[in-house]
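Positions 842 to 1115 (this note's numbering) are the ones given, in order, by the sequence shown.
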Amino acid sequence: MSTSRPLIALDAAAIRARKGGTPLVCLTAYTTPVAKIADTQCDVVLVGDSVGMVLHGMPSTLSVTMEMMILHGQAVARGVEHALMVVDMPFGSYEESPQQALRNAVRIMAETGAGAVKLEGGRHMAGTIGFLVQRGIPVMGHIGLTPQSVNTLGGYKVQGKGDDAARIRDDARAVTEAGAFSVVLEKVPAALSDQITAEIDIPTVGIGASAGCDGQILVIDDMLGLFADFKPKFVKRYADLAGDATAAVQAYAEEVRARRFPAAEHVFTDAGAT
């Protein structure tokens, strides 16, 4: 089977229709060059609030602002032609009320050209999800470990173990019934992820969940080995770009100090090319 994908622009309805089909390939992106690379293979490109940690050096996602999400969303939009671009709603931009969520979701979509927004939360956010969907805003849900709630969850712990599984299943049903077109399952036990995937009618997108989910997502800086501060268990590194970049900078520094760079081919003469 070919690994190429049709060069058509995907929307939320097309992603929803992939339930039970070929697994969805999803990655984050925050810049135009990276978005162009991701767009060649991905079905969904997420402008994640993880940008605060991997690009801005923040300790968590909680300080990410609407302005940051819009700026990076605009950059990613310039590099995406085929994947569905989804933009995270940052902490504090939707929890107060459905009306607040609508104002900010409209702003994100209008100013970035996103095809959907993503927000965290299960049953307690179902009313807001429904409110947005009824007003033309496609919503990707996010349950299990929800990083914006890290202070109430007691850290970045696996969610849904033992008796807590019922809560995660309830959250999954709630966001489905509210009209979300897909839902991210983060740090949820594999067996529970498989059960939820079988029970609900929308695609599940796993991150630290199960290969049986309808799709997978990773932070692109993690899987490329660019963000090396820590490596979650669920991350597979497909490259070591941080290592390659460090070696390249070291080689450059050594050549500059030894006056080997620039060499003759890197400088201009009166008769040389402009």
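Where is the CB? At the ideal position from N, CA and C, for every residue including glycine.
For residue i, the nearest candidate out of the options (CA to CA)
{"i": "Arg839", "options": "Ala955, Lys998 and Leu1065", "result": "Because the chain is modelled from 842 through 1115, residue 839 falls outside the range shown and cannot be assessed."}
{"i": "Ala1021", "options": "Ile970, Ala1032, Gly1056 and Ala1069", "result": "Ile970"}
{"i": "His923", "options": "Arg1078, Ala1088, Ile1048 and Cys867", "result": "Cys867"}
{"i": "Ile1043", "options": "Tyr871, Gln941, Asp1055 and Leu973", "result": "Asp1055"}
{"i": "Ile1058", "options": "Ser990, Asp1085 and Ala879", "result": "Ala879"}
{"i": "Asp929", "options": "Val921, Pro900 and His983", "result": "His983"}
{"i": "Ile849", "options": "Thr881, Leu973, Pro864 and Gly862", "result": "Thr881"}
{"i": "Val886", "options": "Arg1101, Ala1019, Glu1095 and Val927", "result": "Val927"}
{"i": "Gln989", "options": "Asp1085, Thr872 and Gly933", "result": "Gly933"}
{"i": "Tyr871", "options": "Ile856, Ala916 and Leu851", "result": "Ala916"}
{"i": "Thr863", "options": "Val875, Asp884, Thr869 and Ala876", "result": "Asp884"}
{"i": "Tyr997", "options": "Asp1004, Glu937 and Lys1072", "result": "Lys1072"}
{"i": "Pro939", "options": "Val875, Thr1087, Phe972 and His1107", "result": "Phe972"}
Neighbourhood of residue i by C-beta, 6 Å cutoff - its chain only, sequence neighbours within 5 removed
{"i": "His897", "result": "none"}
{"i": "Val999", "result": "Lys1028"}
{"i": "Asp1062", "result": "Val895 and Phe1068"}
{"i": "Val905", "result": "Asp890, Gly893 and Pro931"}
{"i": "Met899", "result": "Gly893"}
{"i": "Leu1169", "result": "Given a span of 842 to 1115 for the chain in the structure shown, any question on residue 1169 remains unanswerable."}
{"i": "Pro1103", "result": "none"}
{"i": "Ala1080", "result": "Leu1065 and Gly1066"}
{"i": "Lys877", "result": "Gly920"}
Residues sharing a beta bridge with residue i, DSSP
{"i": "Glu1096", "result": "Answer by DSSP bridge pairing: none, since Glu1096 is not bridged."}
{"i": "Lys959", "result": "Asp929 and Met981"}
{"i": "Ile1048", "result": "Glu1027"}
{"i": "Ile1058", "result": "Cys867"}
7 Å Cβ shell around residue i - same chain, five flanking residues per side excluded
{"i": "Gly1053", "result": "Ser1034, Asp1035 and Thr1038"}
{"i": "Ala1083", "result": "Gly1066, Leu1067 and Ala1069"}
{"i": "Ile1041", "result": "Ala1013, Arg1014 and Thr1017"}
{"i": "Lys1077", "result": "Met1064"}
{"i": "Ser1051", "result": "Ala1031, Ser1034 and Asp1035"}
{"i": "Val991", "result": "Ser901 and Tyr997"}
{"i": "Lys1002", "result": "Pro1030"}
{"i": "Ser843", "result": "Residue confidence for Ser843 is low, a pLDDT of 45 falling below 50, so the modelled location carries little weight and cannot support an answer."}
{"i": "Leu865", "result": "Ile856, Arg859, Asp884, Val885, Pro1044, Val1046, Asp1055 and Gly1056"}
{"i": "Ser953", "result": "Contrary to the premise, residue 953 reads as Thr rather than Ser in this sequence. Taken in chain order, the residues that qualify are Ile911, Gly914, Gln915, Ala918 and Val928."}
Expected contact under 8 Å - CB spacing of residue i and residue j to nearest Å
{"i": "Met894", "j": "Thr902", "result": "7 Å"}
{"i": "Pro979", "j": "Ala853", "result": "4 Å"}
{"i": "Met981", "j": "Asn945", "result": "Going by Cβ atoms, the distance from Met981 to Asn945 rounds to 15 Å, so no, they are not a contact pair."}
{"i": "Gly889", "j": "Val1046", "result": "Not really, about 12 Å apart at Cβ, beyond 8 Å."}
{"i": "Ala1015", "j": "Ala967", "result": "4 Å"}
{"i": "Ile1009", "j": "Leu925", "result": "About 25 Å separates the two Cβ atoms, so there is no contact after all."}
{"i": "Asp1011", "j": "Gly963", "result": "7 Å"}
Neighbourhood of residue i by C-beta distance below 8 Å, restricted to the same chain and skipping five residues each side
{"i": "Lys1074", "result": "Gly1049"}
{"i": "Val974", "result": "Val980, Ala1019, Gly1020 and Ala1021"}
{"i": "Ile949", "result": "Met907, Met910, Ile911, Gly914, Val928, Met930, Ala955 and Val958"}
{"i": "Thr873", "result": "Ala916, Val917, Arg919 and Gly920"}
{"i": "Val1024", "result": "Met981, Gly982, His983, Ile984, Ala1013, Val1016, Thr1017, Ile1041, Ile1043, Pro1044, Thr1045 and Val1046"}
{"i": "Arg976", "result": "Leu943"}
{"i": "Leu986", "result": "Leu994, Tyr997, Lys998, Val999, Gln1000, Glu1027, Lys1028, Val1029 and Gly1049"}
{"i": "Glu1096", "result": "Phe1102"}
{"i": "Lys860", "result": "Asp1042, Ile1043, Pro1044 and Asp1055"}
{"i": "Ala1105", "result": "none"}
{"i": "Gln941", "result": "Ser934 and Tyr935"}
Practice item. Please go through the region 850-894 and give each complete beta strand (DSSP E) segment of 3 or more residues, from N-terminal end onward. Key: 865-869 and 885-888
**Study point:** Segments of 4+ residues assigned as alpha helix (DSSP H) that fall wholly inside the region 987-1017
**Key:** 991-994
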